[in-house]
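Every letter in the sequence shown is one number past the one before it in the working numbering, and letter 149, counting from 1, is 149.
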Amino acid sequence: MNQKNFTNIILIILILAVIAIGGYFLFSKKSEALAETQQSNIIESNFQYDEVIKSKIGINGGLMQNADKSITVTIPPLKQEREFILSFKKSNFKVISGTRSPVTISIYPNINLMDSPTPIKIRVKYDDKIDIPTPYIPVPYFIDEKNKLDVAQLSELDQENHYFTIDTFRGGDYSWIYATEQLK
Numbered sequence: 001m002n003q004k005n006f007t008n009i010i011l012i013i014l015i016l017a018v019i020a021i022g023g024y025f026l027f028s029k030k031s032e033a034l035a036e037t038q039q040s041n042i043i044e045s046n047f048q049y050d051e052v053i054k055s056k057i058g059i060n061g062g063l064m065q066n067a068d069k070s071i072t073v074t075i076p077p078l079k080q081e082r083e084f085i086l087s088f089k090k091s092n093f094k095v096i097s098g099t100r101s102p103v104t105i106s107i108y109p110n111i112n113l114m115d116s117p118t119p120i121k122i123r124v125k126y127d128d129k130i131d132i133p134t135p136y137i138p139v140p141y142f143i144d145e146k147n148k149l150d151v152a153q154l155s156e157l158d159q160e161n162h163y164f165t166i167d168t169f170r171g172g173d174y175s176w177i178y179a180t181e182q183l184k
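So, in structure tokens, the structure goes:
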């Protein structure tokens, strides 16, 4: 085999390698986009993302809820009065398994009530018309500043009326994942 044939063979191998690597990246991006589409296959039922509720809460505790009463936050008694803000945004966190909720609930300020005997209670009416396999269960999460999920305490689940309650001792961002694994 002469030098020219050897160079042509090496050149063909390099071109095929570039095509294969390009195809891999193109396919992985399409798979990522497909996974993201599958993550957001939930019917969003006209949720009011721009709604903001402000309330002063003090020694008697208090309640905040959105206009359609699908989300209710009960704050326990505090040592001093503070203004709280309840707001909502579209969820953008990544999940490994299950389907993410379209809604993230924000409670600010991000206070720490670890010394309180009573938690903050977040009662959520979840969507019963989602496009995922049944049975499913909502699994609540706290979302940190890096958009990472930390399991939150599910204290109550009413699957018949589609409500669940999260117990927490801090403010911040909360959402849930619809887990579709068979429950045992």
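Ideal Cβ placement from N, Cα and C applies to all residues, glycine included.
Check                                                                                                    : Outcome
Straight-line Cα distance separating residue 96 from residue 17                                          : 31 Å
Buried/exposed call for residue 6, threshold 16 Cβ in 10 Å                                               : exposed
Exposure of residue 151, with buried meaning 16 or more beta-carbon neighbours within 10 Å               : exposed
Per-residue DSSP class, three states only, for residue 71                                                : strand
At least 3 beta-carbon pairs within less than 8 Å: the stretch 148-164 vs the stretch 106-116            : no
Stretch-stretch touch, CB-based, cutoff 8 Å, three pairs: the stretch 69-82 with the stretch 137-147     : no
Neighbourhood of residue 11 by C-beta, 7 Å cutoff - its chain only, sequence neighbours within 5 removed : none
Rounded separation between residue 13 and residue 2 - CA only                                            : 17 Å
Residue interval of the beta strand (DSSP E) (run including residue 57)                                  : 52-57
Residue 21 versus residue 176: straight-line alpha-carbon distance, rounded                              : 37 Å
For residue 15 and residue 8, the rounded distance between their alpha carbons                           : 10 Å
Cβ shell of residue 137 (< 8 Å), same chain only, five flanking positions each side left out             : 157, 159, 178, 179, 183
Length of the line joining the Cα atoms of residue 94 and residue 101                                    : 11 Å
Where residue 113 falls: helix, strand or coil (DSSP)                                                    : coil
Local Cβ density within 10 Å of residue 124, reported as buried at 16 or more and exposed below that     : buried
Residue 91, DSSP secondary structure in three states                                                     : coil
Per-residue DSSP class, three states only, for residue 197                                               : The chain is shown from 1 up to 184; residue 197 falls before or after that span and cannot be answered.
Where residue 185 falls, given that 16 or more other Cβ within 10 Å makes a residue buried               : Lying outside 1 to 184, the shown extent of the chain, residue 185 is not represented and no answer is given.
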